[in-house]
Amino acid sequence: MFSDDVSGPRAGSTPEDDERWLVINGRRWRRTDPSLLPDVVEQLKSHLGRGRSGVRRAKQAGDDRAVAAARERVGLAKNGLGERGAYWWEENEPDRLARAQDALSALEALDVNEG
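Numbering (the UniProt record's numbering), first residue to last: 1 to 115.
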């Protein structure tokens, strides 16, 4: 039986692991990079939500190109948040901040091209 509970610290995990990973239903998910400013995180999460919504709508419509475009938005946002790509804890902070800004710029360019 599955639970929607978010697990606390796992047996054998270190405090560092708990800062890096979130465990939901036994599955480990990378946490958002804590060095990002709250407004940057908010913008990236907004794009992430729009992308996920776009994937859902495009799948319902059977529009493969729209699914791919929406997934691109999701991927860019998750990369900017540090949830995909290189592990944020293995990069220096300036590179992490630059990654987030680059993702925001790419996402804003998508908005311009869509509009």
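Note that CB positions come from ideal geometry on N, CA and C, so glycine has one too. This one's a predicted model, so the numbers in the text were calculated from it and none came from an experiment.
Assuming the contact rule is C-beta atoms closer than 8 Å, residue i and residue j should be a hit. Round their C-beta distance to whole Å, please.
i	j	result
residue 67	residue 78	In fact, because the Cβ distance is near 16 Å, the residues do not count as touching under 8 Å.
residue 17	residue 81	No, residue 17 and residue 81 are not in contact; Cβ-Cβ is about 19 Å, not under 8 Å.
residue 96	residue 46	With 8 Å as the limit, residue 96 and residue 46 do not qualify as a contact, their Cβ atoms being about 19 Å apart.
residue 20	residue 89	6 Å
Take the Cβ of residue i as the centre, count every other Cβ of all protein chains shown within 10 Å, and call the residue buried at 16 or more, exposed below.
i	result
residue 62	exposed
residue 109	exposed
residue 98	exposed
residue 101	exposed
residue 44	buried
residue 37	exposed
Measure the C-alpha to C-alpha separation of residue i and residue j and round it to an integer number of angstroms.
i	j	result
residue 114	residue 31	29 Å
residue 87	residue 104	18 Å
residue 112	residue 93	29 Å
residue 91	residue 14	20 Å
Contiguous beta strand (DSSP E) assignments of at least 3 residues, all confined to the segment 24-103:
27-30
Please determine if the segment 43-55 and the segment 72-91 are in contact, where contact requires at least 3 C-beta pairs separated by less than 8 Å.
yes
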